[in-house]
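A.B. asks:
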Amino acid sequence: MPHIEFNKITKDYGAVNVIRDLDLAVEDGHFTVLLGTSGCGKTTLLRMTAGLETITGGELTIGNQRMNEVHPRDRDIAMVFQNYALYPTMSVRENIGFSLEVAKMSKGETAKKVNEAAAVLNLTDFLDRYPRELSGGQRQRVAMGRAMVREASVFLFDEPLSNLDAKLRAHMRLEIRQLHDRLKTTTLYVTHDQIEAMTMADKIVLMKDGKIEQSGSPDDLYDRPATKYVADFIGSPAINFIHGTIEAENGTPVFASVDIRYPLAPDCAAQPGQAVICGLRPSDLEIAVTGDISATVMLAEKTGAEQNLHLKAGEQHLIVVADRAVPAPTGQSVDVRINTDRIHLFDAMTEQRI
Ligand SMILES: Nc1ncnc2c1ncn2[C@@H]1O[C@H](COP(=O)(O)OP(=O)(O)OP(=O)(O)O)[C@@H](O)[C@H]1O
Ligand SMILES: [Mg+2]
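Note that my numbering has the sequence shown beginning at 42, numbered continuously upward.
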């Protein structure tokens, strides 16, 4: 059952339209990630959900109740902001318990809830410290604790990890996801980081210019990107694109570009003569003794267990992810094999998946 529903939601700032006719269902107990580049409207959508921003058009429901006119306080939502917004003059204990104190909860009850949240978040030893005496990750957990004790039915996160270094970010995304698996609170989480979205989400909602480009599970977006934009956004290193046309050879469709030519599956829906963009993920290409593409190694980037091979086939630049044991000195000629089942074809005009 959807917990939060956006029905034809629109947001204008004066004459500027930011979000247009957006439909989205956020499932109960799921971890839903709003993903997109800067300025696509993620924060605006989150703030409308929280009631911190008015809704220009359409209807927002939470638990089947219309929320458009409901005060933020009465929406049963807890929000964690990018800058954490901790009170600098309050200890960790006071920061976490503040909303309960405001709600006139008894001292004993407040202490119990604060201690429980601190235990879950590994903050027990830090309860008497002040925010300035904490690391970024610890501050982040205090902000989460403050949201947790309110026992709200919805958590909203706006880029909570963007101030942390790469290692701490990886650690915190695991912690947040594990916490979610324990609490099962409906969560709407904003990020521009596709790795964060892929690793944490039950459902990814990829936004572009105030609209949803595609929504689905991380695997859906990775395996069946609906548009060239989605294919390009999801995956690292980024997918390779090759512009070409479809030709028919003895009744079999063939992809043909200036530098590359190879047969497609017989049931491929592309039409002969159609201008297409072919997407090949770097990990779906393989260096082989005899392959589909002849190329030259421009550079091998070591990433650890693997390497990113930058190749040139004629004028076409290609990246292949290979095991680090594959010998690939600069200037060497190599053959690249394509995993035909994993080719993504897009119409060159509409950029929609074929
Ligand atoms: N108060 C405002 N008045 C006018 N335009 C605004 C206002 N607030 C936001 N916008 C515009 O709305 C668009 C969406 O902004 P929003 O903050 O939702 O983007 P975002 O996806 O969260 O981006 P980021 O990743 O940079 O945080 C932007 O183009 C922004 O300039
Ligand atoms: Mg934002």
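From the three backbone atoms N, C-alpha and C, an ideal C-beta is built for every residue, glycine too.
How long is the line joining the alpha carbons of LEU175 and ASP166, rounded to whole angstroms?
C.D. replies: 11 Å
A.B. asks: What I want to know is whether the C-beta of ASP169 ends up closer than 7 Å to one or more non-hydrogen atoms of ligand 2.
C.D. replies: no
A.B. asks: Buried or exposed: GLU112, going by 16 or more other Cβ atoms within 10 Å of its Cβ?
C.D. replies: According to the sequence provided, residue 112 is His. The question's Glu does not apply to it. When all chains shown are included, HIS112 counts as exposed.
A.B. asks: CB of VAL231 to nearest heavy atom of ligand 2: below 7 Å?
C.D. replies: yes
A.B. asks: Return yes when the Cβ of LEU127 is within less than 8 Å of the Cβ of PRO172, no when it is not.
C.D. replies: yes
A.B. asks: Quick check: does the Cβ of ASP234 come within less than 7 Å of any heavy atom belonging to ligand 2?
C.D. replies: no
A.B. asks: I need the straight-line Cα distance from GLY92 to SER194, nearest angstrom please.
C.D. replies: 15 Å
A.B. asks: Identify the continuous alpha helix (DSSP H) that holds SER140 and give its terminal residues.
C.D. replies: Per DSSP, SER140 belongs to the alpha helix (DSSP H) from 133 to 143.
A.B. asks: Taking only runs of the beta strand (DSSP E) that begin and end inside the segment 268 to 356, which ones reach a length of at least 3 residues, in chain order?
C.D. replies: 281 to 290, 293 to 297, 302 to 304, 316 to 321, 326 to 329, 334 to 343, 347 to 354
A.B. asks: Using a Cβ-Cβ cut-off of 8 Å (strictly less than) and excluding sequence neighbours within five positions of PRO313, which residues of its own chain qualify?
C.D. replies: Counting only residues of its own chain and dropping the five nearest sequence neighbours on each side, PRO313 has a CB closer than 8 Å to the CB of ILE287, GLU288, ALA289, PRO294.
A.B. asks: Below 7 Å, is the gap between the Cβ of LYS83 and the nearest heavy atom of ligand 2?
C.D. replies: yes
A.B. asks: Do LEU168 and ARG191 have their CB atoms nearer than 8 Å?
C.D. replies: no
A.B. asks: Using DSSP with H/G/I as helix, E/B as strand and the rest coil, what is GLN123?
C.D. replies: In the structure shown, GLN123 adopts coil according to DSSP, grouped into three states.
A.B. asks: Determine the DSSP secondary structure at ILE236, reduced to helix, strand or coil.
C.D. replies: helix
A.B. asks: Identify, in the order they occur along the chain, each residue of the same chain with its Cβ nearer than 6 Å to the Cβ of TYR230, setting aside the five sequence neighbours on each side.
C.D. replies: Only VAL74, PHE198 meet the Cβ criterion.
A.B. asks: Following a CB-centred definition, is GLU216 positioned closer than 7 Å to any heavy atom of ligand 2?
C.D. replies: no
A.B. asks: Cα-Cα, which of PRO368, TYR303, THR51 is closest to ASN380?
C.D. replies: TYR303
A.B. asks: Assign PRO266 to buried or exposed, taking buried as 16 or more other Cβ atoms, counted over all protein chains shown, within 10 Å of its Cβ.
C.D. replies: buried
A.B. asks: In whole angstroms, what separates the C-alpha of GLU216 from that of ARG187?
C.D. replies: Note on geometry: alpha-carbon atoms of GLU216 and ARG187 lie some 16 Å from one another.
A.B. asks: What is the DSSP secondary structure of PRO43, counted as helix, strand or coil?
C.D. replies: Residue state, collapsed to three classes: strand.
A.B. asks: Whose CA, out of PHE122, CYS81, THR228, lies closest to the CA of GLU46?
C.D. replies: THR228
A.B. asks: Taking C-alpha atoms, which residue in ARG180, ARG322, ALA119, LEU141 lies nearest to PRO129?
C.D. replies: ARG180
A.B. asks: Identify the residues that DSSP records as bridge partners of LEU359: which are they?
C.D. replies: Answer is LEU352, bridged to LEU359.
A.B. asks: If the criterion is Cβ atoms closer than 8 Å, does the pair ILE395 and ALA311 meet it?
C.D. replies: yes
A.B. asks: Keeping to the same chain, check which residues put their C-beta closer than 7 Å to that of ALA354; ignore five residues upstream and five downstream.
C.D. replies: ASP300, ILE301, ILE334, SER335, ALA336
A.B. asks: Please tell me whether, using a cut-off of 7 Å, the distance from the CB of GLY178 to the nearest non-hydrogen atom of ligand 1 is below it.
C.D. replies: no
A.B. asks: Based on Cα-Cα distance, which residue from HIS358, LEU76, GLN255, VAL155 lies nearest to ASN281?
C.D. replies: Out of HIS358, LEU76, GLN255, VAL155, HIS358 has the C-alpha closest to the C-alpha of ASN281.
A.B. asks: Can you tell me which of LEU386, GLY77, THR391, ALA329 puts its alpha carbon nearest to the alpha carbon of VAL361?
C.D. replies: When each option's Cα is compared against that of VAL361, the closest is ALA329.
A.B. asks: Within 7 Å: the Cβ of GLU200 and any heavy atom of ligand 2?
C.D. replies: yes
A.B. asks: Based on Cα-Cα distance, which residue from ALA346, ARG214, THR371, ASP250 lies nearest to GLN235?
C.D. replies: ARG214
A.B. asks: HIS256: beta carbon under 7 Å from a heavy atom of ligand 1?
C.D. replies: In the sequence as presented, His is not what sits at residue 256; that position holds Ser. Flag unset: Cβ of SER256 not near ligand 1.
A.B. asks: Would you call the segment 58 to 71 in contact with the segment 244 to 259, where contact means no fewer than 3 C-beta pairs closer than 8 Å?
C.D. replies: yes
A.B. asks: Within this structure, are the beta carbons of GLN373 and VAL338 separated by less than 8 Å?
C.D. replies: yes
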